[in-house]
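Enquirer:
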Ligand SMILES: [Zn+2]
């Protein structure tokens, strides 16, 4: 991962770096510093392959911050004014690009397969496309309002906001595709990161503005990105997945079949409804966050999730709920689980140029340049933990 991250920028400003891992009960997170990172991860998390990969992603994410955010950064993110909040419209670049690269680093380091990599992209796309807030809050707004929204989530966050981490990563992916297509694989997002790093960190040692970021992307893409920024950063227009993947000879397909699994469109904790998703059955038929479910068709099932699994889609139920101390009756029909996932499939009949561009996009395995790890450190760690 150290080698893969270093090769993205072509250089590494550090000769040593410390990773402090605190194994916790439930926490997952990391904080980037100039020469180190402090991570928190669940102590049982490394026991499954998914958890192990997620932990590696966290390490790659924080390590990538050595360049992006701790050195190369949007102007308000350093030097900080510690007296007040520091506002920027660019957290989608700072955290979004880093989230995009965390999986690409694992792919380049040979730690995950191409299938697993494409799967991680589909998951991110699915996450934002199934969130109603995606149509309401732009990436620039999501970044700007981080102080009052992202870090103060409430019952309506999923309906009204979008994560600048996840959508920022998806936009980074689109920019990567665009740059590769425009240069026929000669350049990708890596080169833009190198340009920015040289210019704003190494030469000027100051933060960059949105216009400067756009200019660096346009310098490599050789087209205007005025519309791209207007539509996808400052507005909430639908993202152009199909067209961008198509140029590289890759099919992007939405799953069309609904599953037979019943769907009620809400999150319930114990007997309390915590979230109601806009457009879902609960929302449509009148249930509300903080309603306390007293009974469904006259009884309270011992396990709500078991109950839900056994029901039929289309069936209508009488919910008795306590809302602000008042007993209410609400009738709710169950829907089919909406079709979520997309598939990203490289076409076998892609042209030679397209295959070259795909190789760039998939992040071919790096050559070993820095380290000679005969015994993979992380494998050793995983064994010890297990
Ligand atoms: Zn981060």
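Numbering (the numbering used here), first residue to last: 1184 to 1569. Where a beta carbon is used, it is the ideal one built from N, C-alpha and C, also for glycine. Note that the structure is predicted; figures quoted are calculated from it, not measured.
(1) Considering only their Cβ atoms, is the gap separating residue 1288 from residue 1570 smaller than 7 Å?
(2) Report the option in 1546, 1281, 1461, 1410 whose CA atom is closest to the CA atom of residue 1344.
(3) If you measure between the beta carbons of residue 1257 and residue 1271, is that distance less than 7 Å?
(4) On the three-state DSSP scale, how would you describe residue 1475?
(5) Beta strand (DSSP E) containing residue 1452: first to last residue?
(6) Using CA atoms only, rank isn't needed, just tell me which of 1199, 1479, 1374, 1423 is closest to residue 1454.
(7) If you run the structure through DSSP and keep just helix, strand and coil, what is residue 1560?
(8) Which one of 1414, 1501, 1265, 1318 has the shortest CA to CA distance from residue 1468?
(9) Going by DSSP, which residues form a beta bridge with residue 1215?
(10) Use the C-beta contact count for residue 1285: other C-beta atoms within 10 angstroms, 16 or more gives buried, fewer gives exposed.
(11) In terms of alpha-carbon separation, which member of 1518, 1369, 1301, 1307 lies closest to residue 1499?
(12) Shortest alpha-carbon distance to residue 1269 belongs to which of 1433, 1305, 1329, 1232?
(13) In this structure, does DSSP put residue 1501 in helix, strand or coil?
(14) Less than 7 Å separating the beta-carbons of residue 1570 and residue 1458?
(15) State the Cα-Cα distance for the pair residue 1247 and residue 1281, rounded to the nearest angstrom.
(16) Could you give the DSSP three-state label for residue 1311: helix, strand or coil?
(17) Using three-state DSSP, classify residue 1482 as helix, strand or coil.
(18) Could you check if residue 1281 belongs to the surroundings of ligand 1, using beta carbon to heavy atom distance under 6 Å?
(19) Does the distance between the C-beta of residue 1492 and the nearest non-hydrogen atom of ligand 1 fall short of 6 Å?
(20) In this structure, how does DSSP classify residue 1248 when only helix, strand and coil are distinguished?
(21) Can the beta-carbon of residue 1427 be found closer than 7 Å to that of residue 1360?
(22) Leaving out five residues before and five after residue 1205 in sequence, what residues of the same chain have Cβ atoms less than 8 Å from its Cβ?
(23) Given a cut-off of 7 Å on the beta-carbon distance, is the pair residue 1437 and residue 1371 in contact?
(24) Do you know how far the Cα of residue 1389 is from the Cα of residue 1408?
(25) Can residue 1472 and residue 1385 be called in contact, C-beta distance under 7 Å?
(26) Entirely within the segment 1517-1546 and at least 3 residues each: give me those beta strand (DSSP E) ranges in chain order.
(27) May I ask whether a heavy atom of ligand 1 can be found less than 6 Å away from the beta carbon of residue 1278?
(28) For residue 1513, which residues from the same chain have a beta carbon less than 7 Å from its beta carbon, with the 5 sequence-adjacent residues on both sides left out?
(29) What's the C-alpha gap between residue 1227 and residue 1527?
(30) Ignoring anything shorter than 4 residues, give me the alpha helix (DSSP H) runs that lie fully in the segment 1271-1359, in order along the chain.
(31) Only counting the same chain, and skipping five residues up and downstream in sequence, which positions put a Cβ closer than 7 Å to that of residue 1252?
(32) Could you tell me the distance, in whole angstroms, from the CA atom of residue 1242 to the CA atom of residue 1308?
(33) Among 1230, 1482, 1293, 1240, which has the Cα closest to the Cα of residue 1547?
(34) In whole angstroms, give me the CA-to-CA distance for residue 1244 and residue 1213.
(35) Where do the ends of the beta strand (DSSP E) carrying residue 1458 lie?
Expert: With the structure as the only source:
(1) This structure cannot settle anything about residue 1570, because the visible part of the chain is limited to 1184 through 1569.
(2) Residue 1461 is the option with its Cα nearest to residue 1344.
(3) Against a cut-off of 7 Å, the Cβ pair of residue 1271 and residue 1257 comes out as a contact.
(4) Here residue 1475 sits in strand by DSSP.
(5) For residue 1452, the enclosing beta strand (DSSP E) covers residues 1449-1452.
(6) Checking every option, the nearest Cα to that of residue 1454 belongs to 1479.
(7) Any answer about residue 1560 is weak, because its pLDDT of 49 lies below 50 and its placement is not dependable; what the coordinates show is given next. Note: residue 1560 maps to helix in three-state DSSP.
(8) When only C-alpha atoms are compared, the closest one is 1501.
(9) Paired residues: 1220.
(10) By the 10 Å Cβ count, residue 1285 comes out buried.
(11) Ranking 1518, 1369, 1301, 1307 by Cα distance to residue 1499 puts 1518 first.
(12) Nearest C-alpha to residue 1269: 1329.
(13) Strand.
(14) The first residue shown for the chain is 1184 and the last is 1569, placing residue 1570 beyond what the model contains.
(15) About 6 Å.
(16) Three-state DSSP puts residue 1311 in a helix.
(17) Correct three-state label for residue 1482: strand.
(18) Flag set: Cβ of residue 1281 near ligand 1.
(19) Relative to the non-hydrogen atoms of ligand 1, the Cβ of residue 1492 never comes closer than 6 Å to any of them.
(20) DSSP places residue 1248 in coil when its eight states are reduced to three.
(21) At a Cβ-Cβ threshold of 7 Å, residue 1427 and residue 1360 count as neighbours.
(22) By the criterion of a C-beta distance shorter than 8 Å, residue 1205 is surrounded in its chain by 1221, 1222, 1223, 1224, once the five residues flanking it on both sides are discounted.
(23) Between residue 1437 and residue 1371, the C-beta gap is not smaller than 7 Å, which leaves the two residues out of contact.
(24) Between residue 1408 and residue 1389, the C-alpha separation is close to 23 Å.
(25) Residue 1472 places its beta carbon 7 Å or farther from that of residue 1385.
(26) Listed in chain order, they are 1518-1520, 1525-1529.
(27) Yes, since a heavy atom of ligand 1 falls inside the 6 Å radius drawn around the Cβ of residue 1278.
(28) So the list reads 1468, 1469, 1470, 1502, 1504, once near-sequence residues are dropped.
(29) Rounded to whole angstroms, residue 1227 to residue 1527 spans 32 Å at the Cα level.
(30) Within the segment 1271-1359, complete alpha helix (DSSP H) segments of at least 4 residues are found at 1281-1291, 1297-1312, 1322-1327, 1340-1343, given in chain order.
(31) Counting only residues of its own chain and dropping the five nearest sequence neighbours on each side, residue 1252 has a CB closer than 7 Å to the CB of 1215, 1260, 1277, 1281.
(32) Taking C-alpha positions only, residue 1242 is separated from residue 1308 by approximately 22 Å.
(33) Measuring from the Cα of residue 1547, the nearest candidate turns out to be 1293.
(34) Each residue's Cα considered, the two are about 9 Å apart.
(35) Start and end: 1455-1459.
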